[in-house]
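Put into structure tokens, the structure is as follows:
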């Protein structure tokens, strides 16, 4: 049992780093590409996919080792938004490979490791849209320029402590003039096997954001950056819990995955009261009942406070958005996914002027998604 746990912990640690799929040869480099296309009957509130045909989170990647002590990765991502093709450098980092005492450092542009899903590539998700928690508070997939230091403890179970310092402009694109350009995170991950069939992982993350949003507070009509958060605050806590079941630990033929996350954002801005907070939660269950077939359900809710500047008078309102989704996925190989998803949203809440916080009180969307990978395909995290 102890050997199995140690193997799992090592696998989790390796999978959390993109170098998991890279052989140790210092001269080895590899490249790959992922294309994510979809057909959508409606665009969801805070959703990343346009109505009708859309290109989801797609990317071209290159990674490898630089001598004995460093590894590197670069990712160029592209997608459609408002029927226009957009592209950006999603990651460009250097990471240590040989630091002692379980330490690992990274510098450059990369995805923050807060929460459960943020560091994962969206095209590896179980659903065609990320949970409301990520879409509202992290712009769907928060990557930024900064540094990271992780420590993996020499314990018989998986235990990792991490800290990151970012410039923060990718999280809050337009900030007030007196804001500091810095966002720091701290996070904890712990996990273990219960026996050969069951495993779990729990995480706790804290974000200290020193960039107050100019768009949200002072100029609501300004265009928000496509990857910036829609609702922000100075402090955010995220708790995530994942449980997996597979016969004898072999998930090839059968597996059940349960995921829960909760986030709370406080100290929203200089006009907010202490009791005013943003909150969001997501719960999902996915069942692999055949090597090539999976089915899943997810329910999300989001509660926010909205602040707007109307001719010098700050007005506020409260809004709630509920989203439920059901999906069926066909995966003939580990490089392909064909997913059919149905989602329904219900919204309520208005500001002081009676204007709705969210665009529509009810919306339904059917999405057909196809994801295909070419070339290198790294190991997925736990």
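Residue numbers (the working numbering): 2 to 383.
Yeah, the Cβ is synthetic: ideal placement off N, Cα and C, and Gly gets one too.
The stretch 99–115 makes no contact with the stretch 346–366: fewer than 3 CB pairs, one atom from each, lie closer than 8 Å. Uninterrupted beta strand (DSSP E) stretches at least 3 residues long and entirely within the stretch 36–122 occur at 53–56, 59–67, 71–82, 85–97 and 104–112, given in chain order. Contact check for residue 232 against residue 273 fails: the beta carbons are separated by 8 Å or more. Two segments are said to touch when three or more pairs of C-beta atoms, one from each, lie closer than 8 Å; by this definition the stretch 169–180 does not touch the stretch 123–131. Under DSSP, residue 209 forms a beta bridge with 185 and 236. Bounds of the beta strand (DSSP E) holding residue 286 are 279–291.
Annotation: the continuous alpha helix (DSSP H) that includes residue 133 extends over 133–138. By the CB criterion at 8 Å, residue 328 and residue 378 fall outside the cutoff. Around the beta carbon of residue 338, 16 or more other beta carbons sit within 10 angstroms, so the residue counts as buried. Closest option to residue 147, judged by alpha-carbon separation, among 158, 164 and 153: 164. It is roughly 6 Å from the alpha-carbon of residue 241 to the alpha-carbon of residue 261. With respect to residue 185, residue 115 sits apart: the two C-beta atoms are not nearer than 8 Å. Counting C-beta pairs closer than 8 Å gives three or more between the stretch 37–46 and the stretch 358–367, which meets the contact rule.
Per DSSP, reduced to three states, the secondary structure at residue 295 is strand. Residue burial annotation: residue 167 is buried, with at least 16 other C-beta atoms found within 10 angstroms of its C-beta. Counting along the chain, residue 270 sits inside no beta strand (DSSP E), nor does DSSP assign it H or E at all.
In the displayed model, residue 249 falls within a helix according to three-state DSSP. Under the three-state reduction of DSSP, residue 125 is assigned to helix. Secondary structure of residue 165 (DSSP, three-state): strand. In the DSSP annotation of this structure, residue 361 is not part of any beta strand (DSSP E), being labelled neither H nor E. At least 8 Å separates the beta-carbon of residue 236 from that of residue 211. Nearest neighbour of residue 32 by Cα position, chosen from 56, 75 and 277, turns out to be 75.
A straight-line Cα-Cα distance of about 8 Å links residue 321 and residue 347. Distance from the Cα of residue 108 is smallest, within the candidate group 371, 92, 368 and 234, for 92.
A contact between stretches requires three or more CB pairs, one per stretch, nearer than 8 Å, and the stretch 151–160 fails this requirement with the stretch 295–304.
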